[in-house]
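Undergrad:
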Amino acid sequence: MKTVKKLKFTFNIALLLILIVIFAAISILNPVFLSPEYLLNVVLRNVVELGLISLPMTLIIITGGIDLSVGNIMVLSAMVGAMAAGRMGSVAGVIVTFLVGLACGLFNGIIIAKVKVPAMVTTLASMFLFLGLTRGMTGGDSVYAFPAAEAVGSKLFLGIPVQIFIYMICAVLFYILLAKSTFGRRLFGIGLNSNATKYCGVDIEKMLIRIYALSGLMCALAALIMIGRFSSLRYDAGTNINLKVITIVVLGGTSILGGTGDLKGTILATLIIGVLNSGLTVLNIPIDTQTIVHGTILIISLIAYEIVNRRTSSKRLKEVKTELLKKTG
Amino acid sequence: MGETVLELKNIVKTFPGVLALNDVSFDLEKGEVHAICGENGAGKSTLMKVLSGVYQPDSGEIHVNGQNRKFANPMESYKSGVSIIFQETSLFEEMTVLENMFLGHETSKKTLGFLPVLNYREMREKAREIFKRLNTKIDLDTKIKTLGMAQKQMVEIAKSLTFDANILIFDEPTASLTQREVDALFSIILSLKKEGMGIVYISHRLEEIFEICDRVTVLRDGQYISTKNVGGTNKDELVADMVGRTMHNYYPKTETELGDVIFRVENFYDEGFLENINFEVRKGEILGFAGLAGAGRTELMEAVCGLAPKAQGEVILDGKKLSISDYTDAMKEGLVYVSEDRGKYGLIVDMSIEENISMPQLKDFSKFGIIDRKKESAVAAEYMKEITIKAPSPDFTVNNLSGGNQQKVSIAKALAIQPKILVLDEPTRGVDVNAKAEIHKIISELTGKGLTILMISSELPELLGMCDRIYVMKEGRIVGCFSRQDATQDKILKTALEGEGEE
Amino acid sequence: MTTEFYLLLFLILVLLFLAVFAKGFYDLSNLMNLLNRFNYVLIAAVGMNMIIITSNIDVSAGALVSVLCIIAASLGKQGLPIGVFLPVTMAAGAVLSMINGLFITKLHIPAIVATLATTQLFQGVLPLAVNGSIYDLPATFTWLAYDAKLFGIFPASTVLMLVVIVTGLLFMKYSKFSKKLYAIGNNKNGARLAGVNVDRTIVIAYTIAGALYGITAVIIGTASQRVTTTMANGKEMTFIAAVVLGGTSTAGGSGKLIGTVIGAFILSLVSPAINYLGISPDWSDAIMGGIIILSVVASAVNIKKKRRISAAPGGR
Amino acid sequence: KDTDTSAPAPAQTTKDEQSAAPADQKDTQGKKIKIAVLPKMKGENYWDACQVGAEDAAKELKDAGYDVELLYDGPPQDQATNQKQVDLLEGWIAQGVDAVAVGCVDASAISPTLKKAQEKGIKIVTFDSDSEPDARDLFINQASYEGVAKALVENAAAELKEKGYGPENPVNIAIMGQTKTDTNVEAWNSNIQELIKTDEYNWMKLQNPDSDIYYPGADEVETQTQAGTLISRMGEGADKIQCAFGITSMTAPALGSQYEASTNKPPVDKIVLTGVATPNALKSYILNEQNPLKFGVLWNTMDLAIWRCRRRTSWRQEISPQIPRR
Ligand SMILES: Nc1ncnc2c1ncn2[C@@H]1O[C@H](COP(=O)(O)OP(=O)(O)OP(=O)(O)O)[C@@H](O)[C@H]1O
Ligand SMILES: Nc1ncnc2c1ncn2[C@@H]1O[C@H](COP(=O)(O)OP(=O)(O)OP(=O)(O)O)[C@@H](O)[C@H]1O
Ligand SMILES: [Mg+2]
Ligand SMILES: [Mg+2]
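Residue numbers (my numbering), protein chains in the order written: chain A, 15 to 343; chain B, 5 to 507; chain C, 146 to 461; chain D, 54 to 379.
1. When you compare the CB of E97 (chain B) with every CB in chain C, is at least one pair closer than 8 angstroms?
2. According to the neighbour-count rule (16 or more other Cβ atoms, all chains shown, within 10 Å of its Cβ), is G119 (chain A) buried or exposed?
3. Please specify which runs of the alpha helix (DSSP H), each continuous and at least 4 residues long, are wholly inside the region 76-128 of chain A, giving them in chain order.
4. If I'm right that Y226 (chain A) touches I126 (chain A) with Cβ under 8 angstroms, what's the distance once you round it to whole angstroms?
5. Compare the Cα-Cα distances from K314 (chain B) to each of B:I290, B:F272, B:I193, B:N77 and report the closest residue.
6. Could you tell me which chain D residues have their CB closer than 9 angstroms to the CB of I301 (chain A), listed as they occur along the chain?
7. Give me the Cα-Cα distance between P272 (chain C) and L161 (chain C), rounded to the nearest whole angstrom.
8. Please classify L116 (chain B) as buried or exposed, where buried requires at least 16 other C-beta atoms within 10 Å of its C-beta.
9. Are at least three pairs of beta-carbons, each pair with one atom in the region 79-98 of chain A and one in the region 251-259 of chain A, less than 8 angstroms apart?
10. Looking at chain A, which residues of the region 263-279 of chain D have a Cβ within less than 7 angstroms of any of its Cβ atoms?
11. Could you please give the first and the last residue of the uninterrupted alpha helix (DSSP H) stretch that includes F410 (chain C)?
12. Is it the case that the CB of E380 (chain B) approaches a heavy atom of ligand 6 more closely than 7 angstroms?
13. Taking a contact to mean a Cβ-Cβ separation below 8 angstroms, would you say I329 (chain C) touches I257 (chain C) in this structure?
14. Given this structure, state the Cα-to-Cα distance separating E463 (chain B) from T302 (chain B), to the nearest angstrom.
15. Could you give the C-beta distance for F29 (chain A) and A283 (chain A), rounded to a whole number, given that I count them as a contact under 8 angstroms?
16. Just list the residues that DSSP pairs F248 (chain C) with in beta bridges.
17. How about K169 (chain A): is its C-beta nearer than 8 angstroms to some C-beta of chain B?
18. Measuring alpha carbon to alpha carbon, tell me which residue in A:F37, A:I87, A:L64 is nearest D250 (chain A).
19. Beta carbon of G144 (chain D), beta carbon of V296 (chain A): below 8 angstroms?
20. Between R59 (chain A) and A39 (chain A), what straight-line distance do the alpha-carbon atoms span, to the nearest angstrom?
21. Beta-carbon of D101 (chain D) versus every beta-carbon of chain A: anything under 8 angstroms?
22. Closer than 8 angstroms, CB to CB, is A227 (chain A) near chain B or not?
23. Can you give me the C-alpha to C-alpha distance between A74 (chain D) and Y125 (chain D), rounded to a whole angstrom?
24. Which one of A:K128, A:I241, A:M240 has the shortest CA to CA distance from L222 (chain A)?
25. My understanding is that G228 (chain C) touches Y351 (chain C), with C-beta atoms under 8 angstroms, so please give their C-beta distance in whole angstroms.
26. Alpha carbon to alpha carbon, how far is F286 (chain C) from N420 (chain C)?
27. What's the call for T395 (chain C), buried or exposed, on a 16-neighbour Cβ count within 10 Å?
28. Is there a Cβ from chain B that is less than 8 angstroms from the Cβ of K194 (chain A)?
29. Would you check if the distance between the CB atom of I3 (chain B) and the CB atom of V247 (chain B) is smaller than 8 angstroms?
30. Within 10 angstroms of its Cβ, does G202 (chain B) collect 16 or more other Cβ (buried), or is it exposed?
31. Within 10 angstroms of the Cβ of Q157 (chain B), are there 16 or more other Cβ atoms? Answer buried if so, exposed if not.
32. Between the Cα of D322 (chain D) and those of D:I339, D:L213, D:A280, spot the shortest distance and give me the residue it belongs to.
33. Hey, quick one: how far does the beta strand (DSSP E) through I229 (chain B) stretch, first residue to last?
34. DSSP three-state call for D344 (chain C): helix, strand or coil?
35. Can you pull the chain A neighbours of A396 (chain C), defined as C-beta to C-beta under 7 angstroms?
36. Please specify which runs of the alpha helix (DSSP H), each continuous and at least 4 residues long, are wholly inside the region 156-221 of chain A, giving them in chain order.
What follows is the structure in structure tokens.
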């Protein structure tokens, strides 16, 4: 793992550089971008939902899994929550939102862990299921925000949008969880070799169910923020989110094959996507071109990662052999 | 002997940072079985992969049947008469036996004069013929995943015979076979030899070399060392060539004073796998488990350690009945299992030594769920010293260690759990002579410190050399028990095959 | 019994159910409408099936089909007949999809990520290349959907589909190439050792799939006189779902084409079927999701059972 | 402000209003004016026509001596969500544009951002589909909600009667909307449903709102396939549908084209198709005698956009253009 860690270190620096370059370029081209109000209220605020979901998604991808249904969990939980809020008040709305998110996550987790259906297949199917449920239940109409959602989605605290604080707290917690805790270590174990991890006495099924459920909960949180921010939400609001979140995680240097990755990368990638999204808009670059920029940056980073990866591992292998030779004589 | 069918001259092969083969030469005659031996990483497999076109040599020449050849891929070498059965199986689990045998060189006929269409009938006939020659029956349309190890091996051999090869290479074919299957394999090798085939045979089991080989070539660290007639050498001499020094004691068993019965398994049972298992072991004892592949030894030990959820029965440790529902429970009680398959179940090879060692009991290495990396490192360093793991530092990635050292890491990992009973499943599989002896020494020392060891092995000499008592298993039952004094290779084999013996 | 068998059984039950409860479902016009939908899903799913068998995946399929729709339309707009724009679109599909294959094999980027990236390129480049969508397409363009009817009944796209299925079934059984696909999906290294040129095979699989996407694009595009730039975006999930429902494992190496055919048919059936039952088509996604989940769960449980039996000693 | 003008103004209004622009010339001349136009989606002909119109208008204004910069962007068709619209709006607000014209995907979702823009002194015009009334300065309603619904139902009824239907021979109808969040389309939809409850039209029946009102979403292929299913349900008889309304610029042409594509077409003299779309999109179906799509409510969105740009200097009145009829 040491090689991997060294590699991550350099890759994160590369990400940071990309972020700085993009940031600087946009600020020079249109100084409006630099206004603190725009940075806080638009640039950051707009990526909070994506950022929140990409945290648990990083964990899931590290275990070698994937969740294609996150966006749809979001909208389903927000919708049922909003319906409940309409009948039973705001508090009930929040509780129901989280319960639905949790239930969706558990549903995915149990099928993946217990029935052993591949994550990609399970969440592809549940993507259709959750999307369809939302669509069928609303008949295509919007659901509307309720006070508790507005509190996290459209209010300020100390002049800064509330959701930014929420994101920062979650990011720190997830960082500690993944990088420092026993839970995180086990996640890496599962991603690198789930059999061997099981033979270390780790209950893999429970771990997997937990992270998918956690993902469901984070989706519910993001959903509250989102519906609060927009004051209403339609059934198809989540569909684009699924692949976007995966893009962020992968851009952050987490291997889709599982076993390597860290949250610093994911957080940096979230910021890059945020700056790009809002930055290109201020530059009046049409949405289509923005899509190309996203795709290109993803490809460049993948290629860069591959090159860094190959270079480091072959260099490392050489070092290893010489070290071994010295040691064993 | 006959004509030379294969000649490798001055082969050099480097990988990034590794000189895998340094000026190695080798030749094979018609109708001979030529062994290659050497420690792990000596370059045996690499040499054969160069020969069969998997790798291209940096320099050197390959002469097959008198012609100078360069193979871009294995298919080319197959077609010129060299067939290889790789160390790691290269079968396709979801495909049928027939599809596997002919993959990449299917016979086809032209339909409409131009469209090549697979000719299943011809392939089927050819396959049947081959299996008749091998004296085996396998349904050609079953998927590989439903076959057992031995049958898979048989398919591999059958596959290699689908080419009109006169040179056949076996790279450690017996690593996952047991005695009976090995015997069957040997009779096939002998009959192929009679047909005039030249056979290259790679194995870590020196006994096998003396049983069927004519000549033996030794490699060490990618260097050619020697070629000898098997009749004119002996085991010690071979080993000396392999490790570069003379070795005397392969089984350094130290006699220890046995304590009272510490661990008992009673009426153990797992539908379809295990039947009425009873055994006991005394403190400090090394208890062996012999049996053919699939006899259920691994299954038994996994079940006892809570790794098979459906098994039932009583496990009594220190007079206390344990209730074990999963492996975590077993570990807590001091019952620890070291898997036979290092890469798959034993270690997370992409993690460092310290991370592997702490993995089973992360709780002990953490405060409030946060891992104490200093403690991890310190504990790992201790074990590295204790059982001499050759690695620069505890944060060294396991992947970069040699097989023997990897095995030692998995033992260290088990020891860190502070076991009372240590279960070692095939602790020296695929490990070279030198490392093997070291591991045996570690095992001996551990019992000296009062640890009790259950050891599964398919190598009878190892069991005979190391164990105080040996149980024999067959089809999920214990069919015999021998004390160190009574046990002989013949008796154990007979019991394992026929199921009789003193119970 | 195989997954395909159970699926077929399920399909027959559903069809019987519809015969009783969905009045008018078996009207010729509805059946043909159903076929129309089935045609394009299936043809793309055949390509997707090949890709998934090699244990890769293509999430760019939807965006790519959108690109191909526009290519077809921009040719069709000039009055070129289908005899020209179909092959050209297929060729374009082959080339663009080959780029995916090259990304994956040459740069060693996992398929899902590589195609995720190219999705964004395809989606972005399109609106730049054509400003807005293409309208007022001539009768030569819509000929396939409007006028080309075999025996005055069967849409010609159905003929295209039948050709693809029959060729596909024969190809998967009788070609050397198909064995390579399965071999790669099972054991990439093993395939390499058996002399299979893994990279080239994967690239070819993507290329063939791309050509099939071309046919799908033409069927989708010619359905009306306008072709928009986002025509098929998001459809990749339907294609993948058809393959998965048909019993092909996303881990690769297994799965039969006939399963994909049945899977695609079941998925195409859902929306019209529930509409004829008096339910809003809004529920169709939920029902599709439910069917896929039930199917994969059932076969996973089945496999588990089987494994247990064959692992019993003595039973070898 | 009151948004609904029930009587459609005559088409000539457009021409008359041209003279209004120079009146305000003094306060705006010399100053750079940034006008942003945000359609519901890009890549769909109705909206693409708006873009052409907007560009023409911008050019015209430039020719008239104004320093106008036009920003035109919107979500791609498959991502016609309020999130995208809000993202774009935020960018424009930050740049300090002078006016924004929006066709709202979802009225309630976009209104908070529109209000924020208003607070910054940006003039907000909505067109096609309105926001919440207090979030904009002006709503340009191409056609009054009742007007469109009335035109559709009136014409359909006339046509149906020609084909032998009437109070003694009732018909079943179906409606194809797009999504439930389109303010205008939903208003037409509910007006149609109101109208067919009146004595005059109560022989036109919506049997089952669940299965007979379609919401295919913004997806082109889904729209086509659902239209196909609908066409296959049409024909003679009480269990069939005789009249289909496609009340968006995507669904009306889809009905036309799916009819052409259908095998075993329901007889042209037994069913009626109609809808709302641009003239170009329906032209060929209307011209085809074999297609039951005989009329549609048509208008020219290009003029709509021209007009909007021109109007921005004088906000005084609400305008409704004529609904041209065939
Ligand atoms: N693809 C490769 N890349 C880099 N190094 C390699 C590669 N294959 C083998 N090596 C190295 O070449 C050396 C020889 O390996 P080889 O597999 O031939 O050993 P072996 O004698 O077959 O050992 P074993 O008994 O364990 O099978 C080893 O040091 C090994 O690490
Ligand atoms: N050679 C084989 N042929 C068929 N099946 C096998 C073979 N080896 C293992 N199995 C299957 O694996 C299961 C587990 O066998 P297990 O590994 O417990 O036996 P073992 O005695 O430990 O064998 P080994 O010596 O390979 O470790 C058996 O029930 C059997 O079905
Ligand atoms: Mg080897
Ligand atoms: Mg075993």
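Just so you know, even glycine gets a beta-carbon here, dropped at the ideal spot from N, CA and C.
TA: Reading from the atomic positions:
1. yes
2. For G119 (chain A), the number of other beta carbons within 10 angstroms of its own is at least 16, and it is reported as buried.
3. 84-102, 104-127
4. The beta carbons of Y226 (chain A) and I126 (chain A) sit about 6 angstroms from each other, so the pair counts as a contact at 8 angstroms.
5. B:F272
6. K95, D126, G127, P128, P129, Q132, K137, D140, L141
7. Answer to the nearest angstrom: the Cα atoms are 45 angstroms apart.
8. exposed
9. yes
10. Y268, G270
11. 402-421
12. This structure lacks ligand 6; the ligands present are ligand 1, ligand 2, ligand 3 and ligand 4.
13. no
14. Taking the straight line joining both Cα atoms gives about 15 angstroms.
15. The sequence as given places Leu at residue 29 (chain A); Phe does not occur at that position. About 6 angstroms; that satisfies the 8 angstroms criterion.
16. Beta-bridge pairing links F248 (chain C) to no other residue.
17. no
18. A:I87
19. yes
20. 21 angstroms
21. Taking CB atoms only, D101 (chain D) has no neighbour in chain A less than 8 angstroms away.
22. For A227 (chain A), the answer is no, since every Cβ of chain B falls outside 8 angstroms of its Cβ.
23. Because the pLDDT of A74 (chain D) is 39, which lies under 50, any placement of that residue in the model is unreliable, and the number read from its coordinates should be weighed accordingly. About 21 angstroms.
24. A:K128
25. That pair is no contact at about 26 angstroms.
26. 30 angstroms
27. buried
28. Proximity of K194 (chain A) to chain B, defined by a Cβ-Cβ separation below 8 angstroms, is satisfied.
29. Any answer about residue 3 (chain B) is impossible in this case: the structure gives chain B only from 5 up to 507.
30. buried
31. buried
32. D:L213
33. 227-233
34. helix
35. P132
36. 161-167, 176-193, 196-206, 208-212
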